[in-house]
Amino acid sequence: MIKQFLITVVMFAIAGSVMAAGDPVAGKKKAALCIGCHGVDGNSANPDWPSLAGQGEGYLAKQIRDFKTGARKDDTMNAMVGGLNEADIANVSAFFASNKAKGGEAAKESLELGQMLYRAGDASRGIAACASCHGPNGAGNPAAKFPALAGQHAKYTEKALKDFSLSTRSNDLNSMMRVVAGKLKDSEMKAVAEYIAGLH
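For the sequence shown, the working numbering gives the first residue as 35, with consecutive numbering after it.
The structure is reproduced here in structure tokens:
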């Protein structure tokens, strides 16, 4: 009886996740307002604004919902997503996720420190390796909704780390990013952000 119940629950969960997938074609039309900042295909030309191309669909949908509810605060984004319904959110997320990220380059002076923090962290200070959640190549973990980082603009990543460290951004799961970023020095945030920009 319990076994049959568990099988039924799993089947509904699988069906729900399949049905929740968005339509990238519909999303492309709905994303017309997004391209001014995030680029036609989700590769932003401005280092102040994140590239969204190739990002995990679930992560993107979560961020849009968080902007919509105010769990993540940004005056521009809070206003931009205000009119999106659940289908729109799924479709826009599917569109950006379906595109290929172009990537960037790491500043040479940041490679050694950035690589050390990304790959190993600093156990003596309780700093987890970025790779433990975001993957060795920065591809993220879509199932856990941990974002892909590879090739992201260094300026944007550095700002995100500073926002987490100051708790001005607080929509991270179990405060994980706030805990890690709060232990990083400004120079370390810059170095790891530069290293991430060169990951492919």
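Glycine residues also receive a C-beta, built at the ideal position from the N, C-alpha and C atoms.
- Taking S201 as the centre and dropping the five residues before and after it, the same chain places the C-beta of R212 closer than 6 Å to its C-beta, in chain order.
- Ranked by how close their Cα comes to the Cα of A173, the residues G88, R106, G116 have G88 in first place.
- Secondary structure at N133: coil, using DSSP grouped into helix, strand and coil.
- Looking at the DSSP output, N175 bridges to F180.
- The criterion of a C-beta distance shorter than 8 Å is not satisfied by Y152 and A162.
- Judged by DSSP in its simplified three-state form, D100 adopts helix.
- 8 Å or more divides the Cβ of V74 from the Cβ of I98.
- CA-to-CA, the gap between A194 and R203 works out to about 8 Å.
- Per DSSP, A141 lies in no alpha helix (DSSP H) segment and is marked neither H nor E.
- Assignment of D108 by DSSP, reduced to helix, strand and coil, places it in the coil class.
- Comparing C-alpha distances from Y93 to each of D57, F198, A65, A124 shows the shortest one belongs to A124.
- In this structure, the straight-line span from the alpha carbon of A231 to that of G117 is close to 32 Å.
- For D197, the enclosing alpha helix (DSSP H) starts and ends at 188 to 199.
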